[in-house]
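In the working numbering, the protein residues as written are 64 to 299.
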């Protein structure tokens with residue numbers, strides 16, 4: 064049976080009940096959130112949600128994202144988020160909605176001792192910018208949206224391999240495989256030495272399937288089709 068060798072798993076979720084349940088999962092090292100997940104989960108008050116999440120957790124890292132588009136406002140929000148707790152990483156998008164790079168903001172925050180998760184990274188040039196901005200000693204994460212890269216018909220693995228090489232001289236900066244689309248992404252990320260991956264609850268729930276025989280899975284699939292046909296009362 065395959066088991067992750069060195070990669071650390073994060074849960075990509077904004078539902079408080081799921082966070083409470085996943086916090087007990089032995090493989091989960093932390094949590095990532097974003098405004099889209101929060102909106103889907105029905106979160107209405109950001110600060111109250113964040114405080115409720117942190118009250119449920121002990122040693123887990125939690126990543127909360129700024130919600131501004133102006134860099135000055137982003138900075139104000141980032142400093143406020145960083146005060147929520149010592150295990151908090153502040154997610155800063157690599158650009159704003161106008162495509163302007165946030166490298167200078169990232170540099171200031173990191174230099175002031177704030178743990179930053181640079182998010183929405185999709186190309187190597189953005190990795191270089193983020194790595195240069197995180198050149199100090201402060202712990203940080205760069206999140207490459209591998210799933211979104213794959214959605215364009217491109218293989219994200221060569222880019223992530225090269226990004227890992229770029230970060231070899233920055234041991235305080237860890238690369239995160241983000242926007243995972245299938246559980247095999249965990250296997251792929253682990254094989255190439257990516258230190259972090261974030262997975263939604265639906266994929267985390269499939270971890271027990273790792274290493275199952277394909278013959279057993281085939282029989283289970285046939286049984287599912289047969290049982291569903293019987294429940295529906297289909298006849299020919």
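We treat Cβ as the ideally placed atom computed from N, Cα and C, and that holds for glycine. Owing to the predicted nature of the structure, the values given are computational and were not obtained by experimental measurement.
- Residue pairing by DSSP places residue 94 opposite 74, 125 in a beta bridge.
- For residue 152, the uninterrupted beta strand (DSSP E) segment begins and ends at 151–156.
- With respect to residue 155, residue 144 sits apart: the two C-beta atoms are not nearer than 8 Å.
- Distance from residue 256 to residue 227 at the Cβ level is roughly 6 Å; contact confirmed, criterion being Cβ atoms closer than 8 Å.
- The way I'd put it, the stretch 79–89 doesn't touch the stretch 271–278; fewer than three beta-carbon pairs between them come closer than 8 Å.
- Shown here, residue 299 sits in coil according to DSSP, grouped into three states, outside any helix or strand.
- Listed as beta-bridge partners of residue 226 by DSSP are no residues whatsoever.
- Per DSSP, the continuous alpha helix (DSSP H) segment holding residue 250 begins and ends at 247–254.
- Its chain contains 147 as the residues whose beta carbon lies nearer than 8 Å to that of residue 114, once the 5 sequence neighbours on both sides are disregarded; these appear in chain order.
- For residue 177, the three-state secondary structure derived from DSSP is coil.
- DSSP places residue 200 outside both helix and strand once states are collapsed to three, so it counts as coil.
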